[in-house]
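*Asks:*
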Amino acid sequence: MTDVRAGLKLAIISESPADEAALKVLVEAVLRERVTWVTPTLRARGWPSVAQVLPAVIRHLHFNTDADGIVVVVDSDDSLVHTSAHDAPGYYHPHCRICQLRGVYRQTVKKLPAARGRDRILRAVGVAVPAVEAWYLCGRDERVTEEVWTKGQESGVMPYTRGELKWRVYGTDRPSLAHETRCALEEVARHRKDTRRLENDFPGFASLAKDLREWRQINR
Amino acid sequence: MIASVAFRNFKALRNAHLELAPFNLVIGPNGSGKTSLIDALMRLRSLAKLPLRDPVPEAERDIHDGPEVTFHFIPPHEASEAVIGCVSDTQCDLLQVDPVGKDWPGLRTRLQGMRSYVFDHHAIAARSAAREGAELTTTGGNLAAVLATLRKNHPEEFAALSAELMRILPEYREVDCEIGKDGMVGLVLVLREGGERIPADNVSQGTLYLLTMLALAFDATPPSVVCIEEIDRGFHPRLLRDVRDVLYRLSHPAGFGIKREPVQVIATTHSPYLLDLFRDHPEEIVISEKIGAAATFSRLAERGDLKELLEEGTLGDMWFTGILGGVPEEKND
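Chains S and G, in that order, give the protein sequences.
Residue numbering for the first sequence is 3 to 222, as defined by our numbering.
Residue numbering for the second sequence is 2 to 334, as defined by our numbering.
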């Protein structure tokens with residue numbers, strides 16, 4: 003068992019500083035504690051770049067830092083959405099981004115020797131369906147949920163586009179980074195004290211939250 | 002401003018056509034017509050300053066099938082057509098506008114507002130004469146005078162520009178313009194820690210390029226069209242998002258809460274990292290292609306399989322592989 007000290011030190015790999023700022027709030031809301039963040043921040047260039055660089059990132063964090071864990075969140079875009087069936091032991095869906103990221107993590111850490119007093123760094127994986135702006139709208143726009151999107155995929159009639167979600171959150175589909183960060187932080191503030199609604203409407207976030215809570219159990 | 006440009010035998014652009022959007026990022030190999038596109042716009046600007054010549058029918062010219070560039074415009078100038086042509090091998094300064102009527106004076110004014118830049122950090126850092134109406138030169142020169150004028154006449158805009166620079170480059174706390182006894186203005190950046198004053202000629206190239214783009218973006222009366230070559234030059238890849246945002250402020254002012262006419266932006270780059278940032282707006286990407294001696298343009302959004310491609314890689318990676326086109330030709334032995 004990995005020994006996680008009180009007061010986690012975590013890394014986030016994200017696509018932009020705006021995503022990172024919002025994810026930090028959500029991670030601390032789930033863990034219900036302040037987290038120390040690894041610097042310099044980690045950044046990827048979207049899917050599939052995240053999956054490509056993840057092994058190197060994990061090895062770097064394992065050997066070169068005292069990070070306890072890594073948080074990985076990607077947009078699902080139009081890919082297949084993760085379901086609870088994928089969580090069955092030994093199951094792996096090759097087109098599901100959560101399954102793919104978990105697979106990359108599994109393959110990477112199993113080859114690593116212990117370092118810096120821990121067997122491995124922990125991982126928490128989430129997928130925003132279809133984009134992180136959908137999470138930002140949770141609790142503000144009832145029409146935006148993971149279920150609505152999945153039904154759209156099944157019927158072939160999508161309920162909204164990623165561009166429309168950007169409009170609803172930012173009021174433009176070309177937000178500046180500063181505006182995007184401001185809006186993201188305003189929206190996630192709704193979930194700062196209670197993430198249950200976000201977990202209910204977005205199982206891709208619930209997966210992330212479940213991973214994070216398991217870290218706390220390990221810590222106890 | 003410019004709706005479309007059609008080229009005939011203009012440098013490498015033998016037979017090319019391009020519809021222009023409010024924001025256009027042109028990618029492609031060296032010598033594929035990116036600069037020629039900008040040159041054509043600047044030639045239109047230069048010729049529009051002159052009195053229009055009487056039309057010369059093609060049959061009466063000494064040259065046939067010579068270089069010709071045809072421009073169409075967005076409303077309210079959609080009825081006008083401007084054609085740059087040649088009268089002889091050595092005289093390519095014939096601008097014909099059809100119809101020449103009430104529309105021409107307004108269109109002419111807007112054409113004269115087009116600007117093109119290839120930034121040079123030495124020119125940007127140089128002290129410049131303090132004077133009202135100072136304007137950036139094609140290399141970014143006069144920046145100090147432009148910022149001093151902005152600070153004097155539009156202090157709120159200058160403060161916003163400074164705040165944006167500080168947000169992007171938090172190591173600085175102030176932009177200052179020092180006016181010397183000789184009437185020359187020098188640019189100084191003040192470090193956040195310690196307050197050291199850094200004269201412009203000791204500031205990094207990327208910082209100077211960013212400051213110049215900010216000067217354009219926060220200009221109270223910006224050009225009608227801004228063309229910038231190699232907008233990624235001098236910037237860390239993580240700063241490219243901010244560079245894009247600065248230029249979006251020109252081309253999409255409403256998205257920034259600014260009430261003014263959009264400035265059409267035509268920019269070039271060789272950076273795959275910058276290209277990555279246009280995944281949601283492929284309609285803004287122009288791919289210039291050179292096959293043999295002839296160059297052409299196409300829009301990335303015209304790719305029918307773009308959605309599938311983006312599931313398998315970033316735009317920058319896809320461009321580098323060559324499957325999007327816009328890569329250098331290689332010699333096949």
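Built from N, CA and C at the ideal position, the CB exists for glycine as well.
For clarity, every value in this text was computed on a predicted model and none was experimentally measured.
1) Within its chain, find whatever has a CB closer than 7 Å to the CB of S/Pro57; leave out the 5 residues flanking it on each side and keep chain order.
2) If you measure from the beta carbon of S/Leu56 to each beta carbon in chain G, is any gap under 8 Å?
3) Is it the case that the Cβ atoms of G/Thr118 and G/Thr139 are separated by a distance below 8 Å?
4) Please identify, using Cβ separations under 8 Å, the residues of the stretch 249-262 of chain G that lie next to chain S, in order along the chain.
5) Would you please verify whether the beta carbon of S/Leu103 is less than 8 Å from any beta carbon of chain G?
6) Starting from the beta carbon of G/Thr322, find every residue of chain S whose beta carbon is closer than 9 Å, and list them in chain order.
7) Taking just the CA atoms, how far does G/Leu316 sit from S/Arg99?
8) Given this structure, state the Cα-to-Cα distance separating G/Pro68 from G/Leu19, to the nearest angstrom.
9) Once the 5 residues before and after G/Leu209 are set aside, which same chain residues still bring their CB inside 7 Å of it?
10) Of the choices G/His237, G/Ser289, G/Thr297, whose alpha-carbon is the least far from that of G/Arg9?
11) Can you find a CB in chain S that lies within less than 8 Å of the CB of G/Asp306?
12) If you drop the 5 nearest sequence neighbours on each side, which residues of the same chain put their C-beta closer than 7 Å to that of G/Tyr274?
13) Could you check where the beta strand (DSSP E) with G/His73 kicks off and where it finishes?
14) Along the alpha helix (DSSP H) that carries S/Tyr172, what are the first and last residues, could you check?
15) Identify which residue in G/Pro76, G/Leu311, G/Leu211 has its Cα closest to the Cα of G/Asp104.
16) Is the Cβ of G/Thr91 closer than 8 Å to any Cβ of chain S?
17) For S/Asp5, which residues of its own chain have a beta-carbon under 6 Å away from its beta-carbon, when the five flanking residues on both sides are left out?
18) Considering only their Cβ atoms, is the gap separating G/Ala146 from G/Ala130 smaller than 8 Å?
19) Quick check on the DSSP output: the alpha helix (DSSP H) that includes G/Arg193 runs from which residue to which?
20) Run through the DSSP bridge pairs and tell me what G/Leu380 is partnered with.
21) Take G/Glu290 as the anchor and find which of G/Val247, G/Leu38, G/Asp233 has the nearest alpha-carbon.
22) Straight-line CA distance for S/Arg222 to S/Glu188?
23) May I ask you to report which of helix, strand or coil DSSP gives G/Thr150?
24) Taking the alpha-carbon positions, what's the G/Thr213 to G/Leu137 distance?
25) Excluding the 5 residues preceding and the 5 following G/Asp177 in the sequence, name in chain order all residues of the same chain whose CB lies nearer than 8 Å to its CB.
26) Closest to S/Glu35 by C-alpha separation, out of S/Thr85, S/Gly48, S/Asp196, S/Arg47, would be which residue?
27) Whole-angstrom Cβ separation of G/Leu215 and G/Leu162, contact assumed at under 8 Å?
28) Does S/Met160 come out as helix, strand or coil in the three-state DSSP assignment?
29) Considering only residues of the same chain and omitting the five flanking positions on each side of G/Leu278, which have a CB-CB separation below 8 Å?
30) Spatial neighbours of G/Ala22 within its chain, please: CB distance less than 7 Å, with the 5 preceding and 5 following residues excluded, ordered by chain position.
31) Please state whether the Cβ-Cβ distance between S/Ile123 and S/Gly71 is less than 8 Å.
32) For G/Ile259, count neighbouring Cβ atoms within 10 angstroms of its own Cβ and tell me buried if that reaches 16, exposed if not.
33) So is S/Ser81 in contact with chain G if we call contact Cβ pairs under 8 Å?
34) Given a cut-off of 8 Å, decide if S/Phe204 and S/Ala136 are closer than it, judged by their beta-carbon atoms.
35) Measure how close the beta-carbons of S/Leu214 and S/Val32 come, nearest whole angstrom, since I'm counting them as under 8 Å.
36) Does the CB of S/Pro132 have a neighbour CB from chain G at under 8 Å?
*Replies:* In terms of the structure at hand:
1) Around S/Pro57: Val106, Thr110.
2) Put simply, the CB of S/Leu56 is far from chain G, with every gap to its CB atoms at 8 Å or more.
3) Per the sequence shown, the amino acid found at residue 118 of chain G is Tyr instead of Thr. With respect to G/Thr139, G/Tyr118 sits close: the two C-beta atoms are nearer than 8 Å.
4) Cβ contacts with chain S: Tyr249, Arg250, His253, Ala255, Gly256, Phe257.
5) S/Leu103 does not count as touching chain G.
6) Those within 9 Å of G/Thr322 in chain S number zero; the least Cβ separation is about 14 Å.
7) Rounded to whole angstroms, S/Arg99 to G/Leu316 spans 19 Å at the Cα level.
8) Distance between the alpha carbons of G/Pro68 and G/Leu19: 16 Å.
9) Taken in chain order, the residues that qualify are His122, Ile125, Ala126, Ala201.
10) Among G/His237, G/Ser289, G/Thr297, the Cα nearest to that of G/Arg9 belongs to G/Thr297.
11) No, no contact with chain S.
12) Excluding sequence positions up to five before and after G/Tyr274, its CB lies within less than 7 Å of the CB of Pro238, Leu241, Gly317, all in the same chain and listed in chain order.
13) Taken as a continuous stretch (DSSP letters only), the beta strand (DSSP E) holding G/His73 covers 69-74.
14) Start and end: 164-172.
15) Nearest of G/Pro76, G/Leu311, G/Leu211 to G/Asp104, Cα basis: G/Pro76.
16) So no, G/Thr91 is outside the interface.
17) With a pLDDT of only 43 at S/Asp5, under the threshold of 50, the placement of this residue in the model should not be trusted, and no figure is reported.
18) In this structure, G/Ala146 lies closer than 8 Å to G/Ala130 by Cβ.
19) Note, G/Arg193: premise wrong, no alpha helix (DSSP H); not H, not E.
20) Coverage of chain G is limited to positions 2 through 334, which leaves residue 380 of chain G absent and any answer about it impossible.
21) Selection G/Val247, G/Leu38, G/Asp233 evaluated against G/Glu290 yields G/Leu38 as nearest (Cα-Cα).
22) Confidence at S/Arg222 is low in this model, with a pLDDT of 48, below 50, so the placement of that residue is unreliable and no value is reported for it.
23) If DSSP states are grouped into helix, strand and coil, G/Thr150 belongs with the helices.
24) G/Thr213 and G/Leu137 have their C-alpha atoms roughly 8 Å apart.
25) Closer than 8 Å at Cβ, skipping near neighbours: Leu188, Val189, Leu190, Val191, Arg198.
26) Comparing C-alpha distances from S/Glu35 to each of S/Thr85, S/Gly48, S/Asp196, S/Arg47 shows the shortest one belongs to S/Asp196.
27) Sure, about 5 Å apart at Cβ, within 8 Å.
28) In the structure shown, S/Met160 adopts coil according to DSSP, grouped into three states.
29) Closer than 8 Å at the Cβ level, and outside the excluded window around G/Leu278, lie Leu241, Arg242, Arg245.
30) Around G/Ala22: Glu284, Glu285.
31) Cβ atoms of S/Ile123 and S/Gly71: closer than 8 Å.
32) By the neighbour-count rule (16 or more Cβ atoms within 10 Å), G/Ile259 is not buried but exposed.
33) With 8 Å as the cut-off, S/Ser81 counts as an interface residue toward chain G.
34) Contact: yes.
35) Rounded, the Cβ-Cβ distance is 5 Å, consistent with contact.
36) Put simply, the CB of S/Pro132 is far from chain G, with every gap to its CB atoms at 8 Å or more.
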